[in-house]
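Next comes the structure, spelled out in structure tokens:
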């Protein structure tokens, strides 16, 4: 029986991680913490035990109490203010709720001398604006943040390295690329597009126009179910102090995603660019190499983009009916 | 008349910066803030106007009030918990009092849209453990923090870059090497050694033994008076968004400094290494190149190590008599 502490348990990735544990590690005991409430559906995770505790990770004392009491083998740090757009509007809040909460977490682990492994989740945004010649990005790529969110994530990584090397904590780091999948909040780009298109298909929109930011940016989309299996493998097999790209290895522009959605949904839409959705200095193209994690853990992404999109459409329609 | 806001005004470097302004920019108006009290000697800075305000920079609201009211042209950010040793013992405190206070500062400048230039003071510690082949270190050297303090300083630099590029703030950055000079606290290595040797010379010590950490580490010592003239030149001539080494360009081991002190003071001492003063992963050797700042601003260091040491000895003797 392994005990997992999951920070940010109410979030998109956590819910998929819980399902993954429920299906593959049925003996697991989970304690989840979050600043947002956690609603557990009846029979949602039938095999694992899941406890929830409301907690603000900026409060070190509460965090210490929780960790001391639960004494997990694994800590998966998924709590994050992960929106780049939000970080431009609220840079201090973004920094505190990415970097400072992580620092508090590892500091408590250090002070309590807890024998556990921590998964520090980072972001492909850390790479910043890269030259095409550098693609696909390996972990050796120099980091060059282009947003407050990215700066916060790099700071988190610096802290991880110091706590590993200086204090001997057991931390494995990720640089996770753009997740997609059912359940993601509609402030993120793909669900926002899908929502607009679902409305058009069922005749609820005035025109067949959808509004997006920069359609030419290219991202390496990876299904959240593949992401959570990567996280479990990194907890079990990742090398202490190392960081791993978690990505699909392929790039698609937002425009291409819209094309695929048109095919899947059997509709045609007109795309309008909203200048106000463009960010001060957006990374044009991000594609990662997943060689390092494949080699170390045997992980590979299994869910192609079309299947992810199909399920996002279904999820959106289901939410609409509720 | 230029208005300067100096953060950490009660500190070692600030006092020298005030004297420098008093001697070279007599019309200046200064507002100093600090969490520690600021004691102004009678007639200490006869030409400039200096006001003090007690302030904790973790309190954004107070900071906003001060900046709005004073509206400086120049902000010199000297507030810092700058001890590497302390950062190993109190990593969270170190991070907050280096990175978070700086983030609060630039965030307030951004929110108020203050038209001012900010000098973000960083540290040579950001370079971390370097290969001898990389010496002297130029600003192109990759950063590799080896202490919580260094991680905090790099995070500060990342924040500077985002606020420059993303929000258009006017920030010039430094990577300042080891400062020495009269007035430095005795928890730092050189004044601590000088104090021990002064006690030996006046017969107040039981033996002629001094206790140090690792005597073989090499540092690029630069006199604090040269540091403050560099800071003024960077405010006036530095390029926005750029970072500059502030260093002497020469390296001396702690052991060599002890030898020089023996000569200057006419005594011989025995050196004992205290293992408890060794840090988890100390940088063995740090020597910087000051080409970039020389080229851009015409700055050069003027005070040789012997003169610095001589004045530190005098200062220590004077403090002892008080």
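Protein chains in written order, with the working numbering: chain P, 1 to 322; chain Y, 1001 to 1322.
Idealized CB from N, CA, C, for every residue including glycine.
In this text, all values refer to a predicted model and were calculated from it rather than measured experimentally.
Each residue's CA atom was taken as its position, placing residue 1147/Y and residue 166/P some 7 Å apart. Put simply, the backbone Cα of residue 301/P is about 7 Å away from that of residue 222/P.
Unbroken beta strand (DSSP E) runs of no fewer than 3 residues, entirely contained in the segment 1180-1253 of chain Y, are found at 1209-1212 and 1243-1246, following chain order. When C-beta atoms of the segment 1012-1024 of chain Y are compared with those of the segment 1212-1232 of chain Y, three or more pairs fall below 8 Å, so the two segments count as touching.
The straight-line gap separating the alpha-carbon atoms of residue 270/P and residue 316/P is approximately 20 Å. By alpha-carbon distance to residue 8/P, the top candidate from 141/P, 190/P, 230/P and 37/P is 37/P. Comparing alpha carbon positions, the residue from 173/P, 46/P and 113/P closest to residue 71/P is 113/P. Under the Cβ criterion of 7 Å, residue 1102/Y is not counted among the residues facing chain P.
With respect to chain Y, the C-beta atom of residue 72/P has no partner C-beta closer than 7 Å. Taken atom to atom, the span from the alpha-carbon of residue 1094/Y to that of residue 1103/Y is near 14 Å. The C-alpha of residue 1011/Y lies about 30 Å from the C-alpha of residue 157/P. Residue 1190/Y and residue 1203/Y have their C-alpha atoms roughly 20 Å apart.
In this structure, the beta-carbon distance from residue 1152/Y to residue 1098/Y falls below 7 Å. Judged by DSSP secondary structure, residue 1159/Y falls within the alpha helix (DSSP H) whose first and last residues are 1148-1165.
Within the same chain, and ignoring the five residues on either side of residue 163/P in sequence, the residues whose Cβ sits closer than 7 Å to its Cβ are 106, 110, 169 and 171. Taking a C-beta distance under 7 Å as the contact criterion, residue 1076/Y and residue 1119/Y qualify as a contact pair. The three-state reading of DSSP puts residue 90/P in coil, since its state is none of H, G, I, E or B. Distance between residue 209/P and residue 80/P, taken at the CA atoms: about 32 Å. Residue 1311/Y is positioned such that its CB atom lies closer than 7 Å to that of residue 1182/Y. In the structure shown, residue 1038/Y adopts coil according to DSSP, grouped into three states.
Apart from the 5 residues on each side of it in sequence, residue 56/P sits with its Cβ closer than 6 Å to the Cβ of 35 in its chain, given in chain order. Boundaries of the beta strand (DSSP E) around residue 1273/Y: 1270-1273.
With a contact defined as Cβ atoms closer than 8 Å, residue 125/P and residue 244/P miss out at about 16 Å. Residues of chain Y with a Cβ closer than 7 Å to the Cβ of residue 95/P are, in chain order, 1103. Taking the Cβ atoms as the reference, residue 1197/Y lies roughly 7 Å from residue 1267/Y, within the contact range of under 8 Å.
Only residues of its own chain outside the window of five on either side were considered, and among them 223, 225 and 226 have a CB closer than 7 Å to the CB of residue 303/P, listed in chain order.
Among the residues facing chain Y, residue 92/P is included, as its CB has a counterpart in that chain under 7 Å away.
In this structure residue 218/P touches residue 285/P by the C-beta definition: roughly 4 Å separates them, less than 8 Å. Interface flag for residue 217/P against chain Y is unset, since no Cβ pair is found closer than 7 Å.
One alpha carbon belongs to residue 1295/Y, the other to residue 1289/Y, and they sit about 12 Å apart. Nearest neighbour of residue 137/P by Cα position, chosen from 121/P, 84/P, 220/P and 68/P, turns out to be 220/P. For residue 101/P, the enclosing alpha helix (DSSP H) starts and ends at 101-112.
At a cut-off of 7 Å between beta carbons, residue 155/P contacts chain Y.
With distances taken between CA atoms, residue 145/P lies nearest to 88/P out of 100/P, 180/P and 88/P. The secondary-structure analysis by DSSP pairs residue 29/P across a beta bridge with 3/P and 49/P.
Secondary structure note for residue 309/P: its alpha helix (DSSP H) is the uninterrupted segment 305-321.
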